[in-house]
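So the protein sequences, as listed, match chains E and S. Here the first sequence is numbered in our numbering, starting from 139 and rising by one per residue. Here the second sequence is numbered in our numbering, starting from 6 and rising by one per residue. Input: a single structure, listed below in structure tokens.
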Amino acid sequence: MEAFVREKTKSTPGITLDPQQHHLEIKGESYPENSANFYSPMLEWLDNYLQQLNDTPVQVDIELIYFNSSSSKVFMNFFDMLEDTAQRGVPVTVNWKYHEDNDTALECGEEFQEDMEHVAFHLVPLEDGA
Amino acid sequence: MREIQHFYEQLKKEGIIFSFSGPVSQSLLEGIGATLRQKMSLEETSTDVMQKVFSIFVELMQNVINYSAEKGAAETGEADLRFGVLIIGKRDEQFYIQCGNYISPSQQAPLREKLNRIQGMDKNELKRYYKEQRRKEAADGSKGAGLGFIEMARRATQPLEFEILPMQNGNEFFVVKVII
């Protein structure tokens, strides 16, 4: 399986989903005009990748400075897919990284965390200026 | 020629930082958004307030892009540009954003119902409603997730204000004001 990579733009994050290292990373901002369209290839890739996992641990690093409401729906689906995978025994760790002074990013992370039972979902503060 | 200078001074006197009227596109949103952040950052606005203003600005502009009933004539399958008006100002140390666009008569009732409902909610109720709506399938023909106004109400410091004004051409004009 090939890695899924998207370069960061002003309104879309950098995405690196690496099936060899079992490391998924999303970093930047997300407010595309049509979030469902933009992310559908990523969710399709993720679905294929997660399905073929047995018990290999997966690490997910997310650092979103800002995302709009339609992206929020996409990320909910993203985390639901991870939760389903963790539920069938694959160890999944999510690090939700946020800047200490970005209350909104922390709050959004907490709200995703509330819905996770099997995913190890960590809120990771980054020091100011990091 | 003189009118434009009066117009400019009037805007400044009212504390308006940005005003825009015309066709709205994603690239315009990105450009104004970056400048807005730069301006707030120069004024040493807190990260928290900057994020809230930016978030509300994006949701409002994308509402115009997705739902305004006033479109430019599109030729050869190019996506339509939709029109609206938006101002960002500061009064008594608080940012506010007002946004307006024409809507079709069929949009009126569901919009009014949604906003009335949101206006009556406190922050906890808004959070619950947001998470509940996020789980729902998007409405037919909707380009967004139907979460924009709930998101704005959650980031605002006061309840959203809105008006729907009947127009002579059969359309209606929708205005919303958000105070951060």
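Backbone N, C-alpha and C define an ideal beta-carbon position, used for all residues, glycine too.
With fewer than 16 neighbouring CB atoms inside 10 Å of its own CB, S:T40 falls in the exposed class. Taking a contact as a CB-CB distance under 8 Å, the pair S:I70 and S:Q112 does not count as one, their CB atoms being some 15 Å apart. Between the alpha carbons of S:G105 and E:W234 lies a distance of about 36 Å. Put simply, the backbone Cα of E:V212 is about 7 Å away from that of E:A174. Near chain S, meaning a CB-to-CB distance below 7 Å, the residues of the region 191-215 of chain E are Y204, N206, S207, S208, S210, K211, M214. If you check the CB distance, S:K136 and E:E249 come in under 8 Å. Interface annotation, S:S109: not in contact with chain E, CB-CB separation never under 8 Å. The count of Cβ pairs closer than 8 Å, one atom from the region 62-69 of chain S and one from the region 167-178 of chain S, stays below three, leaving the stretches out of contact.
Chain S has a Cβ within less than 8 Å of the Cβ of E:Y169. Going by beta carbons, E:D185 and E:M139 fall outside the 8 Å limit.
In chain order, I61, E64, L165, V183 place their CB closer than 7 Å to the CB of S:M157, counting only its own chain and leaving out the 5 sequence neighbours on each side. Rounded to the nearest angstrom, the gap between the Cα atoms of E:L202 and E:A243 is 7 Å. Taking 8 Å as the cut-off, the Cβ atoms of E:A224 and E:V262 do not count as close. When the Cα atoms are used, S:I21 and S:F178 turn out to be separated by approximately 21 Å.
Residues T162, I184, I185 of the same chain have their beta carbon placed closer than 8 Å to that of S:Q99, with the five preceding and five following residues left out of the count.
With its beta carbon at least 8 Å from every one in chain S, E:S178 lies outside the interface.
Neighbourhood of E:E145 in chain S, by CB distance below 7 Å: empty, with the nearest CB roughly 16 Å away.
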